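FYI, numbering that gives the first Met the number 0 numbers position 169 of the sequence shown as 168, with every residue one higher than the one before it.
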Amino acid sequence: MTFKLHQYIAVSALLLMAVSCEKKVEPIDAYDVTVDYKSSNEFAVTADKEVNPKDSIFFDFTVTSPEPITYIEIQKNGVRIDTFNVTGGKTFSATKGYRADSVAGDYSYRVLARNAQATFMGDGGKLLKVTVKPDFYFWSYRILQVPDSTAKTNTCFYSSRDGRVYSYNDGAVISQYVDFGYYYDTLVANKHTIYALNSAQPQLNFYDLSTWTKNATVFKKMPTSVNFVTGLTSSGAINTLIRNNMTSGTASKVTTVSTSGGSNVIGFRTAAGKFGAILIRYVNQDSPAKATQIEVDVKVQK
0 MTFKLHQYIA VSALLLMAVS CEKKVEPIDA YDVTVDYKSS NEFAVTADKE
50 VNPKDSIFFD FTVTSPEPIT YIEIQKNGVR IDTFNVTGGK TFSATKGYRA
100 DSVAGDYSYR VLARNAQATF MGDGGKLLKV TVKPDFYFWS YRILQVPDST
150 AKTNTCFYSS RDGRVYSYND GAVISQYVDF GYYYDTLVAN KHTIYALNSA
200 QPQLNFYDLS TWTKNATVFK KMPTSVNFVT GLTSSGAINT LIRNNMTSGT
250 ASKVTTVSTS GGSNVIGFRT AAGKFGAILI RYVNQDSPAK ATQIEVDVKV
300 QK
């Protein structure tokens with residue numbers, strides 16, 4: 000009986016210690032801070048918004064709190080980008096403009112208040128998402144096949160208008176949109192070839208293109224300094240890295256394309272004057288057989 004009594008006393012003491020040591024944590028926005036965003040101009044962000052790369056964005060806001068505010072902070076993706084000193088007032092209004100990112104994606108913004116101890120007081124429960132829309136087209140995992148002479152169903156033509164690959168059988172009705180074709184040249188080494196339809200290809204005489212629109216696309220292999228994935232992230236980047244590398248040395252076809260650096264990124268300019276790039280991701284074999292194919296990604300300006 001004495002042992003049980005001692006057990007009870009020990010447990011009670013532990014519970015009492017736990018209660019006395021409990022720390023009270025203030026809930027988020029415990030200061031009842033409100034943040035109001037005004038639609039004072041066409042660039043103002045008051046809710047989730049879509050913009051083009053490098054568009055102007057504008058925040059016209061008023062922060063109100065029952066307790067004194069010392070700092071107002073603007074965050075982008077959780078990182079402080081601006082701070083205003085309030086000197087103890089309970090309300091603060093300001094306007095601030097920025098330029099949207101050039102890289103497409105979602106970016107979060109919020110305005111929040113802090114007290115003299117830099118303690119977070121609240122953001123009014125408002126997190127604004129600014130979505131930068133891509134200003135270029137990006138199509139991945141497109142399969143181009145060696146032209147087949149019998150069924151003529153292999154997808155050997157490409158259109159950057161819709162990012163689709165077409166066979167000879169279904170390409171005639173959309174030939175005005177075809178930017179380039181692919182075949183395996185048997186007259187040169189490393190024979191995978193990208194070509195414009197206005198460039199005569201005597202090895203493809205089994206395809207009658209006499210009624211097709213033959214767009215004069217031009218091409219050039221890009222140096223290894225042009226990174227398709229990390230470099231070509233906007234129309235402006237395509238303009239800088241592709242267009243500036245195509246001021247000379249372009250041709251109506253490129254041979255010996257491969258997955259190797261210096262031969263795997265092909266810059267092009269469409270007949271409509273749009274610049275783009277082709278990434279050779281995969282080559283399944285070196286053969287003129289109809290089973291030969293390459294896998295490409297394509298980026299092109301809108």
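Glycine is no exception: its CB is placed at the ideal position from the N, C-alpha and C atoms. This structure is a prediction, so every number in the text was calculated from the model and none was measured.
In the DSSP assignment, A276 is bridged to G266, K298. The three-state reading of DSSP puts Y206 in coil, since its state is none of H, G, I, E or B.
Per DSSP, reduced to three states, the secondary structure at A236 is helical.
According to the DSSP assignment, D105 belongs to the beta strand (DSSP E) that extends over 104-113.
A contact is defined here as three or more CB-CB pairs under 8 Å, and the region 211-229 meets this definition with respect to the region 267-284. Under the criterion of beta carbons closer than 8 Å, Y70 and V85 qualify as touching, at roughly 6 Å.
With respect to V177, L203 sits apart: the two C-beta atoms are not nearer than 8 Å. Within the DSSP secondary-structure output, S92 pairs in a beta bridge with T61. Note on geometry: alpha-carbon atoms of G266 and Y182 lie some 18 Å from one another. In this structure, the straight-line span from the alpha carbon of S286 to that of T154 is close to 16 Å.
Under DSSP, V164 forms a beta bridge with Y157. By the 16-neighbour rule on beta-carbons within 10 angstroms, L126 is exposed.
With fewer than 16 other Cβ atoms inside 10 Å of its own Cβ, Q175 counts as exposed.
Three or more Cβ pairs closer than 8 Å define a contact, and the region 97-116 meets that threshold against the region 57-64.
Listed as beta-bridge partners of W138 by DSSP are V297.
By the neighbour-count criterion, in which a residue is buried when 16 or more other Cβ atoms sit within 10 angstroms of its Cβ, T269 is buried. With a cut-off of 8 Å on Cβ pairs, the region 249-259 is in contact with the region 206-219, counting three or more such pairs. Taking the Cα positions, D207 is about 33 Å away from G261. In this structure, the beta-carbon distance from G162 to V297 falls below 8 Å. Within the DSSP bridge table, the entry for Q200 names no partner.
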